[in-house]
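Numbering (the working numbering), first residue to last: 78 to 146. Ideal Cβ placement from N, Cα and C applies to all residues, glycine included. These figures come from a predicted structure and were not determined experimentally.
Okay, structure coming up:
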């Protein structure tokens, strides 16, 4: 069986004034990227971006609260 690593988000290294967590680095992932971002209610300034040229896709999951993408 493969090893598993568990860690609480609040124990992970944070950047951008604590709003983003470097999940990939904290869990030692190499096959895909993961990070979290905490956005305040009614946030509308997240920069639009696209990774299609790199052959990558993004997945968004609300861990708390809700929103519209």
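query	result
Taking the C-alpha atoms as reference points, what is the distance between residue 99 and residue 81?	17 angstroms
Rounded to whole angstroms, how far is the Cβ of residue 110 from the Cβ of residue 101, which I believe are closer than 8 angstroms?	5 angstroms
Given a cut-off of 8 angstroms, decide if residue 97 and residue 114 are closer than it, judged by their beta-carbon atoms.	yes
Please check the pair residue 84 and residue 106, which I expect to be a contact at CB under 8 angstroms, by giving their CB distance rounded to whole angstroms.	At roughly 12 angstroms, the Cβ-Cβ gap does not stay under 8 angstroms, so residue 84 and residue 106 are not in contact.
Where does residue 139 fall in DSSP's three states?	coil
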